[in-house]
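With this note's numbering as the guide, the letters of the sequence shown map in order to residues 7 to 402.
Even glycine gets a Cβ: it sits at the ideal position worked out from N, Cα and C.
A quick note: this is a predicted structure, and the numbers were derived from the prediction, not measured.
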Amino acid sequence: MRVLLALERLESGVDFNPLSSELRANPLPQYEKLRRKDPVHRMRTSDGWILTRYEDIDMVLRDHRRFGNLGRDFGYLPYISMLDLDPPEHTKVRGLVAHGFTLRAVNSLEPRIAKMVDELLDEVAGKPRFDLIQDIAFPLPITVIAELLGVPPEDRDQFREWSEVVALDVDPLLDSQQIQDLQRTVEELFDYLEKIAEDRRRRPRNDLVTALVNAEEDGERLSREDLLINIVLVLVAGNETTRNLIGNGTLALLRNPDQLERLRDDSSLLDSAIDEMLRYDSPVQLDSRIARESVEIGGKRIEPDQRILCALGAANHDPEVFPDPERFDVGRAPRNHLSFGRGIHYCLGAPLAKLEARVVFAGLLSRFESFRLVEEPRYRDQITLRGLEELWLEPE
Ligand code: HEM
7 MRVLLALERL
17 ESGVDFNPLS
27 SELRANPLPQ
37 YEKLRRKDPV
47 HRMRTSDGWI
57 LTRYEDIDMV
67 LRDHRRFGNL
77 GRDFGYLPYI
87 SMLDLDPPEH
97 TKVRGLVAHG
107 FTLRAVNSLE
117 PRIAKMVDEL
127 LDEVAGKPRF
137 DLIQDIAFPL
147 PITVIAELLG
157 VPPEDRDQFR
167 EWSEVVALDV
177 DPLLDSQQIQ
187 DLQRTVEELF
197 DYLEKIAEDR
207 RRRPRNDLVT
217 ALVNAEEDGE
227 RLSREDLLIN
237 IVLVLVAGNE
247 TTRNLIGNGT
257 LALLRNPDQL
267 ERLRDDSSLL
277 DSAIDEMLRY
287 DSPVQLDSRI
297 ARESVEIGGK
307 RIEPDQRILC
317 ALGAANHDPE
327 VFPDPERFDV
337 GRAPRNHLSF
347 GRGIHYCLGA
357 PLAKLEARVV
367 FAGLLSRFES
377 FRLVEEPRYR
387 DQITLRGLEE
397 LWLEPE
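Set out below in structure tokens:
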């Protein structure tokens, strides 16, 4: 590892060490250095490339013909969800899942989400201090998605465990124990979800599993495995990510009290503030693609089948696109951030994640005159997803 990193540094003047604790604590200084010195950077440790410029990442994510998704060759699982498929399979599966995931279905959840947030805030309101992650940012998305899918919310602690293991699937570096845990967990989830799908076939309800079981386009249905792995995707894709948006966004507000006050004074800035939170401390930091042909980017030749890491968090701090990127500005309205990806894989759950965040921040601002950080929070030890372990707050 050391030798490879030394070689990498010698070639480009900079290296990218995915295992370094500084990177996991805060990737931005590393990304900034890469963007300045070698924006199309050849990694030696994992035989691939990492991109840090907005323009390059935007191009790669839009061009799904030359840059495909990981497919079967790279994953840890024998099943692949739409996230890893290319057209035409991707188009078919996404179309079918999107059927059950319409904007109308999402918007109709607003009153339920508002009630859930109210109840969660009621529970913390009387306490001298609370952990925003454990008490609000974790239970909300998992309960919402359980309701949308139609799986019993009482099972949410079990979902949390499953979801955390399955979320590892997006991490480019897993050890063999983690891979085994991941594979076992997906089999357990399949058994669990299959019973629910079977029940909805016999007794349809107004939920997403029923919509997916019945989804049909041009006479095509989802196969058993496609159905189950895409339910797993929907079940896990929105949990840790939305939790990270709520946690990282709250921390950004606390670290920038003038912006917190600005938002408190003018709630019409809420949508802009949520986009700024997504840009400023992105819940998903890395997105992967595979070069399908030999391509030149920024004067570097990328060969077919080489892996490309797109550092979304770095693109979101590219000063060419976002002036003064380290400034957290709730009025910036950076709608072009890349936190939900771009192109055909653009996040299917983006409207839901934003809706949940809007309801939570509106609730926090109206319930508490002010709150302060009890202790310095720590980020979880991951590189693809970025979020806080705990966030202890003291209402004042
Ligand atoms: C703040 C919260 C969220 C963030 C930052 C986020 C981020 C992303 C990103 C970056 C992608 C694109 C991956 C790629 O290009 O390969 C993606 C895809 C996806 N997301 Fe999200 N997501 C969030 C919430 C959600 C929620 C709430 C759901 C569903 C309940 C969801 C479901 C999906 C699905 C199904 C895809 C795959 C789309 C496809 O491959 O066509 N996400 N998300």
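How far does the beta strand (DSSP E) with residue i in it extend, from its first residue to its last?
i, result
"Val301", "Val301 to Ile303"
"His70", "Here His70 belongs to no beta strand (DSSP E), and DSSP marks it neither H nor E."
"Ile252", "Taken as a continuous stretch (DSSP letters only), Ile252 belongs to no beta strand (DSSP E), being part of the alpha helix (DSSP H) at Asn245 to Arg261."
"Trp377", "Checking the displayed sequence, the identity of residue 377 turns out to be Phe instead of Trp. Residues Phe377 to Leu379."
Going by the beta-carbon positions, is the gap between residue i and residue j smaller than 8 Å?
i, j, result
"Asp281", "Arg348", "no"
"Ile350", "His70", "yes"
"Asp90", "Leu67", "no"
"Ala173", "Glu246", "yes"
"Val72", "Val301", "For clarity, residue 72 is Arg in the given sequence; the question names Val instead. Result yes, Cβ atoms of Arg72 and Val301 sit closer than 8 Å."
"Ala320", "Gly253", "no"
"Leu371", "Leu269", "yes"
"Asn250", "Met88", "no"
"Arg378", "Glu402", "yes"
"Leu34", "Val20", "no"
"Ala368", "Leu276", "yes"
"Leu318", "Val290", "yes"
Would the beta-carbon of residue i be found less than 7 Å away from any heavy atom of the ligand HEM?
i, result
"Ala359", "yes"
"Gly355", "yes"
"Thr256", "no"
"Ala279", "no"
"Asn220", "no"
"Ser26", "no"
"Phe426", "Here the chain has residues from 7 to 402 only, and residue 426 is not among them."
"Thr58", "no"
"Asp69", "no"
"Gly244", "yes"
"Arg208", "no"
"Asp293", "yes"
"His47", "no"
"Thr97", "no"
Check for me: the alpha helix (DSSP H) holding residue i runs from which residue to which?
i, result
"Glu17", "Arg8 to Ser18"
"Ile119", "Glu116 to Ala131"
"Phe367", "Ala356 to Arg373"
"Glu28", "Ser27 to Ala31"
"Val103", "Glu95 to His105"
"Arg1", "Outside the shown range of the chain (7 to 402) lies residue 1, about which nothing can therefore be said."
"Pro35", "Leu34 to Lys43"
"Val46", "Premise fails: Val46 lies in the beta strand (DSSP E), Val46 to Met49, not in any alpha helix (DSSP H)."
"Ala317", "Ala317 -> not in any alpha helix (DSSP H); beta strand (DSSP E) instead, spanning Arg313 to Ala317."
"Leu109", "Leu109 to Asn113"
Looking at chain C, is there any beta carbon in it that lies within less than 8 Å of the beta carbon of residue i?
i, result
"Thr97", "Considering every chain present, this structure includes no chain C. It has just one protein chain."
Rounding to the nearest angstrom, what Cα-Cα distance links residue i and residue j in this structure?
i, j, result
"Asp335", "Ala279", "7 Å"
"Ile296", "Leu57", "13 Å"
"Pro147", "Leu138", "13 Å"
"Pro331", "Pro325", "6 Å"
"Ile314", "Gly54", "6 Å"
"Pro383", "Met122", "25 Å"
"Phe346", "Tyr198", "29 Å"
"Gly305", "Glu299", "16 Å"
"Asn23", "Glu153", "40 Å"
"Ala131", "Asp177", "36 Å"
"Val242", "Thr51", "29 Å"
"Leu260", "Tyr82", "38 Å"
"Leu5", "Thr191", "Summary: the structure shown does not reach residue 5, with the chain confined to residues 7 through 402, and so no result is reported for it."
"Ser26", "Arg15", "15 Å"
"Phe165", "Arg208", "24 Å"
Where are the alpha helix (DSSP H) runs, 4 residues long or more, that stay fully inside the stretch 153-232, in chain order?
162-172, 182-208 and 214-220
So within the stretch 268-297, which uninterrupted beta strand (DSSP E) runs reach at least 3 residues, ignoring any that extend past its ends?
292-297
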